Amino acid sequence: MRFFEDALPIDLIQASKCGQYLLVSSSQSCDLFILSAQASDRFIVHGYVTFPGLIKSASFVQHGGVVKVVAVLHNNLLGGATVPTRPVANRLEAISDAEAQTLYRKVDRGSNMVLTSFAAGDILVCGEDKLLKRYEYPTEKADQIDWKRAPQAPLEENHSHAVGTSCWHESQSAKQIVTGGRDGTILIRKTSNIGSALDPVKAHAVHSGGVTAICYSVTRNTVYSAGGDGCFMAHTVGGHPNPDQPVVADVSLNEALGDMVEVERVPGNQIRIYKDILLEEFNKAQEQAK
Numbered sequence: 138m139r140f141f142e143d144a145l146p147i148d149l150i151q152a153s154k155c156g157q158y159l160l161v162s163s164s165q166s167c168d169l170f171i172l173s174a175q176a177s178d179r180f181i182v183h184g185y186v187t188f189p190g191l192i193k194s195a196s197f198v199q200h201g202g203v204v205k206v207v208a209v210l211h212n213n214l215l216g217g218a219t220v221p222t223r224p225v226a227n228r229l230e231a232i233s234d235a236e237a238q239t240l241y242r243k244v245d246r247g248s249n250m251v252l253t254s255f256a257a258g259d260i261l262v263c264g265e266d267k268l269l270k271r272y273e274y275p276t277e278k279a280d281q282i283d284w285k286r287a288p289q290a291p292l293e294e295n296h297s298h299a300v301g302t303s304c305w306h307e308s309q310s311a312k313q314i315v316t317g318g319r320d321g322t323i324l325i326r327k328t329s330n331i332g333s334a335l336d337p338v339k340a341h342a343v344h345s346g347g348v349t350a351i352c353y354s355v356t357r358n359t360v361y362s363a364g365g366d367g368c369f370m371a372h373t374v375g376g377h378p379n380p381d382q383p384v385v386a387d388v389s390l391n392e393a394l395g396d397m398v399e400v401e402r403v404p405g406n407q408i409r410i411y412k413d414i415l416l417e418e419f420n421k422a423q424e425q426a427k
């Protein structure tokens, strides 16, 4: 299934920590799609929110006991919206502001990534100034934004990666947030004290773009990272310290690839647009009702 009619690239997909929802977005679009994460629901689309700006980054967070989505927009706004718990009545149109309860907050110029600690409700934003800032959930409606006014100061401000933050992930226990930087390092922070980052872990080459993807293990105290240098690494959190230089794993790549289950490729002309599928289902229902 395709979400965008202009074949825009999807560069963000994330599952909520509660395991109920998925979000899909593109940095070239203002639309953010919410899906069910349940296979029994056939990953049905609940609806989509249209923000007043291109979505640079988005994430789920729990606020007031309700699952929300927050997004950093290209016009230096932090947007927030309530996640629909079931498919909305008209999924061909964007969820209304009243139903999504969309709210906004101005953030500093150059902001390009939002990180969240889901259960704690913490919202962290980083950007070109190389700082990690904690903000409250947005509180203003779109027509209340004063574009001439400077953004309110964040609740907390800490240094992040020297060349910029490129990726992040929260541990399954929700006790740590790990970030990867374009400087090739990894920072691990306690969610209870964001300012107390452990010593940076030297990982990937700076000249190749540093850390490009990162993931905290669900079952063990291990952080996995990938970089522009083409390397995949595993880093131990706690216990024995990691070595100063990467250790090459004695594993046959061909054997590992051979064990992977093949996924049948669907021809591009058979991948249909989300709205076309909805229209076909609607027309079928109308025919059956006659």
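Counting from 138, one number per residue, gives the positions in the sequence shown under the working numbering.
Backbone N, C-alpha and C fix where the C-beta goes; we use that ideal spot for every residue, glycine too.
Since the model is a prediction, treat every value here as computed from it, not as a measurement.
The closest CA to that of T322, considering only N213, T302, G332, S308, is found on T302.
Counting C-beta pairs with one atom in each stretch, the region 266-283 and the region 221-233 have fewer than three that are closer than 8 Å, which means they do not touch. Within the same chain, Cβ atoms closer than 6 Å to the Cβ of L269 are found at L261, C263, N295, S297, the five residues on either side in sequence being excluded. Listed in chain order, the non-local C-beta contacts of I408 below 8 Å within the same chain comprise M138, R139, local neighbours out to five positions each way being set aside. Listed as beta-bridge partners of A218 by DSSP are V206. Q313 is not a Cβ neighbour of V244, given a cutoff of 9 Å.
Pairwise C-beta distances place the region 148-159 in contact with the region 173-180, as three or more of them are shorter than 8 Å. Taking 9 Å as the cut-off, the beta carbon of R246 is found no closer than this to the beta carbon of L214. Under the three-state reduction of DSSP, L240 is assigned to strand. Going by beta carbons, S196 and T239 fall outside the 9 Å limit. For E307, the uninterrupted beta strand (DSSP E) run begins and ends at 302-307, by DSSP.
Pairing E277 with E424, the inter-Cα distance amounts to about 44 Å.
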